[in-house]
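Quick note, this note's numbering runs 3 ahead of the 1-based positions in the sequence shown.
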Amino acid sequence: MPQQPPPLYSTATLIQSCRKELRQQIRQARRSLKEEQQTHYAQTAAKLAVAHLCQLKARRVAVYLTNDGELDTKPLIEALWQAGIEVYLPRLHPFSVGNLIFLRYDKNTQLQQNSLNIWEPKLDITQMILAHELDVVITPLVAFDKQGNRMGMGGGYYDRTLANWQTVGRPMPIGYAHDCQQVDSLPCEHWDVPLPVIVSPSAIYEYHARD
């Protein structure tokens, strides 16, 4: 009896292909939003997020700077400052490739573009904080599903940062995204860190803890 030919693609290859295509579709969807939509959604999401953070009594919050059509974080940052909450920004680790460090951010902080063309604070170790000293990390994402799974850009920076958050209890990750970035189900890998909370312009989604 003739043997069956091997599959053209392994399961892992098919998952990666699916993730790549989904990333492209969702990124295009959020880039397609009109400027007035972006402004309105950013302001609405900021109000929801700050109310939730105040409920959590968060005092130190890391926030990313917007890139590639992401939900604009400027209104959120302004609202955090007004609420007296310390704001920190991620920066690519200068020595450990693939990892992040976090530095205090205020209106006088000098920024520069990194190798990924994303704005980040200039290195100043006097402004640095350890990840577990943060209360919350506002987490960027490309897509999220109805179970709280997150798909990032594929670099794994936030997955590494948040790998032990459930064990340590800090920092709590909160996803931040447009409603158009939600899908029914995501193809996940074992290293993907699910999120307990995701804020969009229309709702706050909370998910039960998983083992």
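Each residue gets a CB set at the ideal place from its N, CA and C atoms; glycine is no exception. The model shown is predicted, which means the values in this text are computed figures rather than measured ones.
Check: Any alpha helix (DSSP H) of 4 or more consecutive residues that is wholly inside the region 45-131; Outcome: 77-85
Check: Backbone secondary structure at Tyr160 - three-state DSSP; Outcome: helix
Check: Alpha-carbon spacing of Tyr108 relative to Leu25, whole angstroms; Outcome: 33 angstroms
Check: Cutoff 7 angstroms; reference Glu56; Cβ partners in own chain excluding five residues on either side; Outcome: Residue identity differs from the one stated: residue 56 is Leu in this sequence, not Glu. If we look at Leu56 and ignore the five residues flanking it on each side, its Cβ neighbours are Val64, Ile88 and Val139.
Check: For Thr129 and Cys21, the rounded distance between their alpha carbons; Outcome: 42 angstroms
Check: Whole-angstrom distance between Gln46 and Gln85, CA atom to CA atom; Outcome: 14 angstroms
Check: Assigned exposure category for Ala180 - 16 Cβ within 10 Å defines buried; Outcome: buried
Check: Cβ neighbour criterion (16 or more within 10 Å) applied to Thr164; Outcome: buried
Check: Sequence-distant residues of the same chain with beta carbon closer than 6 angstroms to Met175, five excluded per side; Outcome: Val139
Check: Nearest to Asp75 (by Cα), restricted to the options Glu192, Lys37 and Gly159; Outcome: Lys37
Check: Element boundaries [beta strand (DSSP E), containing Val139]; Outcome: Val139 to Thr142
Check: Burial state of Ser188, where buried means 16 or more other Cβ atoms lie within 10 Å; Outcome: exposed
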